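Novice: Submitted below is the structure of interest, expressed as structure tokens.
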Ligand code: PEP
Ligand code: MN
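Numbering (the working numbering), first residue to last: 121 to 457.
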């Protein structure tokens, strides 16, 4: 249910509503939009309806939310959410470019990538320190050392940094270093991890699961938000289909669909979707054209020598050429890179 407060509602009125809900055992979430403030109340509809909330001062109406996801839904917040990452914003008019290697391999590789992507217009540096690999024999990441290199790259370039976390151990460790945590496709339905990310209060990029429906993906975002962390950015990274010519199939239609269903920003990862660097620039353009709030791209100073995902990684030169093509297109669409 959402309790819509009227324009004249005071902070005391809002507190009275959340306290009443709390006394009945319901958790409540205050969502502050530009137009209105609403209180999202999660719990049994019948009971909430019978509490007489409409009669309280400052309350305009009490409305049920029809969708299974609540806090994520546009029904709760009609305007787009903009996520503030220590002074840098994702959402709104921004088309945020996140770029960097699949995995942090060593200091030199990461610093070269960081300087290259920064010069080309990226705002966030990606780099896996904990790698969820299909094979247990593949490189699993540098862990703490990788986080230290990422932090050093941030200090040198001013880029924000993001890394994937795969369990409570990696989450705890990453929180001390990164600006954004990434939950990868393989962990999209790791509900325990989602809850922990929700408790963390760090912005989260939540990637779509390999075979997840849009609704399952939004429910995963709901897990994070239900713990009080509203800083969620969705990331479409392709889904599994019968097609084997590409690594995954980029479900580009999920972008406008998510925009209709949710107020959360959504970015696109063309690298993991395609599995082939040739396809990355055209898919990045598609992401921009279809209304995504940014892209996450794999870039390596020497893709041929990458320990992970080399075939889908752009060299710094190719990445720079791509962003040079994206910039005028973004301007045409009133988006800022
Ligand atoms: C990644 O971004 O490094 C990654 C592993 O991607 P995904 O979770 O989308 O497979
Ligand atoms: Mn990768």
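Backbone N, C-alpha and C define an ideal beta-carbon position, used for all residues, glycine too. Note that the structure is a prediction, hence the values are computed from the model and not measured.
Cutting at 8 angstroms between CB atoms, please list the residues of its own chain near residue 445, excluding the five before and the five after it.
Specialist: As a working note, residue 445 is residue 325 in the chain shown. So the qualifying residues of the chain are 401, 405.
Novice: State the DSSP-derived secondary structure class of residue 193, mapped to helix, strand or coil.
Specialist: One-based indexing of the chain shown puts residue 193 at position 73. Here residue 193 sits in strand by DSSP.
Novice: Can you round the beta-carbon distance between residue 221 and residue 230 to whole angstroms, since I take them to be within the 8 angstroms contact cut?
Specialist: The residue given as residue 221 occupies position 101 in the chain shown. The residue given as residue 230 occupies position 110 in the chain shown. Correct: roughly 7 angstroms between the Cβ atoms.
Novice: With hydrogens ignored, establish whether the beta-carbon of residue 169 is closer than 8 angstroms to any heavy atom of ligand 1.
Specialist: Walking along the chain shown from the start, residue 169 turns up at place 49. Flag unset: Cβ of residue 169 not near ligand 1.
Novice: Buried or exposed for residue 383, going by 16 or more other Cβ atoms inside 10 Å?
Specialist: Translated into positions along the chain shown, residue 383 becomes position 263. Looking at its Cβ environment, which holds 16 or more other Cβ atoms inside 10 Å, residue 383 is buried.
Novice: Do you know how far the Cα of residue 403 is from the Cα of residue 371?
Specialist: The residue labelled residue 371 in the question sits at position 251 within the chain shown. The residue labelled residue 403 in the question sits at position 283 within the chain shown. The straight-line gap from Cα to Cα measures roughly 11 angstroms.
Novice: Taking buried to mean at least 16 other C-beta atoms within 10 Å of its own C-beta, is residue 398 buried or exposed?
Specialist: The count along the chain shown starts at 1 and reaches residue 398 at position 278. That one is exposed.
Novice: Which of the three DSSP states is assigned to residue 175 in this structure?
Specialist: The count along the chain shown starts at 1 and reaches residue 175 at position 55. Reduced to three states, the DSSP call for residue 175 is helix.
Novice: Measure the CB-CB distance between residue 245 and residue 223 and report whether it falls below 9 angstroms.
Specialist: On the chain shown, residue 245 is found 125 positions in, with the first residue counted as 1. On the chain shown, residue 223 is found 103 positions in, with the first residue counted as 1. No, these two residues do not count as a Cβ contact at 9 angstroms.
Novice: Can residue 247 and residue 278 be called in contact, C-beta distance under 9 angstroms?
Specialist: In the chain shown, residue 247 corresponds to position 127, counting from 1. In the chain shown, residue 278 corresponds to position 158, counting from 1. It is not a contact, given that the beta carbons lie outside the stated cut-off.
Novice: Write down the C-beta distance between residue 122 and residue 195 rounded to the nearest angstrom, noting that I regard them as a contact closer than 8 angstroms.
Specialist: One-based indexing of the chain shown puts residue 122 at position 2. One-based indexing of the chain shown puts residue 195 at position 75. Residue 122 to residue 195, Cβ: 7 angstroms. Contact.
Novice: Less than 8 angstroms between the CB of residue 391 and some heavy atom of ligand 2, yes or no?
Specialist: Your numbering for residue 391 matches position 271 in the chain shown. Yes, since a heavy atom of ligand 2 falls inside the 8 angstroms radius drawn around the Cβ of residue 391.
Novice: Look at residue 421 and residue 233 and say whether their C-beta atoms are less than 9 angstroms apart.
Specialist: Along the chain shown, one-based indexing puts residue 421 at 301. Along the chain shown, one-based indexing puts residue 233 at 113. For residue 421 and residue 233, yes; Cβs fall inside 9 angstroms.
Novice: Taking only runs that begin and end inside the segment 253-330, name each unbroken alpha helix (DSSP H) of 4 or more residues, in chain order.
Specialist: Here the runs fully enclosed are 264-277, 288-295, 311-320.
Novice: Quick test of the definition: if touching needs 3 or more C-beta pairs under 8 angstroms, does the segment 160-179 touch the segment 124-132?
Specialist: Segments in contact, yes.
Novice: Residue 432: beta carbon under 8 angstroms from a heavy atom of ligand 2?
Specialist: The residue given as residue 432 occupies position 312 in the chain shown. Yes, the Cβ of residue 432 comes within 8 angstroms of a heavy atom of ligand 2.
Novice: DSSP three-state call for residue 351: helix, strand or coil?
Specialist: On the chain shown, residue 351 is found 231 positions in, with the first residue counted as 1. Correct three-state label for residue 351: coil.
Novice: Run through DSSP, which three-state label would residue 391 get?
Specialist: Counting from one through the chain shown, the residue named residue 391 turns up at place 271. In the structure shown, residue 391 sits in a helix (DSSP, three-state: H, G or I).
Novice: How close, in whole Å, do the beta carbons of residue 318 and residue 345 come, if the pair is a contact with beta carbons under 8 angstroms?
Specialist: Numbered from 1 along the chain shown, position 198 holds the residue referred to as residue 318. Numbered from 1 along the chain shown, position 225 holds the residue referred to as residue 345. About 7 angstroms separates the two Cβ atoms, so the contact holds.
Novice: Just to confirm, is the Cβ distance from residue 435 to residue 419 under 9 angstroms?
Specialist: Against the chain shown, residue 435 aligns to sequence position 315. Against the chain shown, residue 419 aligns to sequence position 299. A contact, by the Cβ cut-off of 9 angstroms.
Novice: Kindly list the residues whose CB is nearer than 7 angstroms to the CB of residue 208, restricted to its own chain and excluding five residues on each side of it in sequence; keep chain order.
Specialist: Start at 1 with the first residue of the chain shown, and residue 208 comes out as number 88. For residue 208, where only same-chain residues beyond five positions count, the Cβ hits under 7 angstroms are 243, 280.
Novice: Beta strand (DSSP E) containing residue 216: first to last residue?
Specialist: Residue 216 sits at position 96 when you count from the first residue of the chain shown. That run of the beta strand (DSSP E) goes 216-220.
Novice: My understanding is that residue 302 touches residue 282, with C-beta atoms under 8 angstroms, so please give their C-beta distance in whole angstroms.
Specialist: By 1-based counting over the chain shown, the position of residue 302 is 182. By 1-based counting over the chain shown, the position of residue 282 is 162. Their Cβ separation, rounded to whole angstroms, is 5 angstroms, which keeps residue 302 and residue 282 in contact under 8 angstroms.
Novice: Quick check on this structure: which residue in 335, 350, 395, 342 has the alpha carbon closest to the alpha carbon of residue 377?
Specialist: The residue you call residue 377 lines up with position 257 of the chain shown. Here the closest residue by C-alpha is 335.
Novice: Based on the DSSP output, what are the partners of residue 382 in its beta bridges?
Specialist: Residue numbering aside, residue 382 sits at position 262 when the chain shown is read from its first letter. Paired residues: 193.
Novice: Count the other CB atoms, across all protein chains shown, that sit within 10 Å of the CB of residue 225; report buried if there are 16 or more and exposed otherwise.
Specialist: Start at 1 with the first residue of the chain shown, and residue 225 comes out as number 105. Buried is the call here.
Novice: What are the residues that DSSP puts in a beta bridge with residue 182?
Specialist: On the chain shown, position 62 is the one that residue 182 refers to. Partner(s): 123.
Novice: Report the three-state DSSP secondary structure of residue 420 (helix, strand or coil).
Specialist: Position 300 of the chain shown holds residue 420. If DSSP states are grouped into helix, strand and coil, residue 420 belongs with coil.
Novice: Where does residue 208 fall in DSSP's three states?
Specialist: Indexing the chain shown from 1 puts residue 208 at position 88. Looking at residue 208 - three-state DSSP - the assignment turns out to be strand.
Novice: So what's residue 372 in DSSP terms, helix, strand or just coil?
Specialist: Within the chain shown, residue 372 is the residue found at index 252, counting from 1. The answer is coil: DSSP assigns residue 372 none of H, G, I, E or B.
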